[in-house]
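In UniProt numbering, the protein residues as written are 1 to 127.
The structure under discussion appears below in the form of structure tokens.
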């Protein structure tokens, strides 16, 4: 609020983010864990550890994870699905490399009509 009154205009998202980073909430109301997309640090660590053991957890295992992390089963299911998809893409990029992946994608979509507006599902990040 002080910064807003000094500048004479409302703070933008970036300024608010920088202020939150510079002045985090006190320990009395915050556990100190960074939250990214509703997942706290400890929850992400637990999910990653479990993923190393089993990429396809059963419903009972998801319930166990839910109790340990305070996440909903849907969040856990989505996290595992997204992680498997990212790993699959990374594996394909490592196996084929960026230029070959782009060629494979182009070949896969070359028989489609030209007026179809589609996006390539997987792409390797440029390095």
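We put the beta carbon where it would ideally sit given N, CA and C, even for glycine.
Can the beta-carbon of residue i be found less than 7 Å from the beta-carbon of residue j?
i	j	result
residue 69	residue 51	no
residue 71	residue 43	yes
Is DSSP giving residue i helix, strand or coil here?
i	result
residue 58	coil
residue 29	coil
residue 9	coil
Could you check the C-alpha separation between residue i and residue j for me, to the nearest Å?
i	j	result
residue 41	residue 48	11 Å
residue 54	residue 25	36 Å
residue 33	residue 27	10 Å
residue 17	residue 23	10 Å
residue 65	residue 81	15 Å
residue 92	residue 56	20 Å
residue 8	residue 21	22 Å
residue 37	residue 31	17 Å
residue 58	residue 90	25 Å
residue 67	residue 85	25 Å
residue 10	residue 35	25 Å
residue 97	residue 29	47 Å
So residue i and residue j are in contact, right, with Cβ under 8 Å, and what is the actual spacing, rounded?
i	j	result
residue 77	residue 88	Rounded, the Cβ-Cβ distance is 17 Å, inconsistent with contact.
Of the choices the options, whose alpha-carbon is the least far from that of residue i?
i	options	result
residue 39	79, 58 and 60	79
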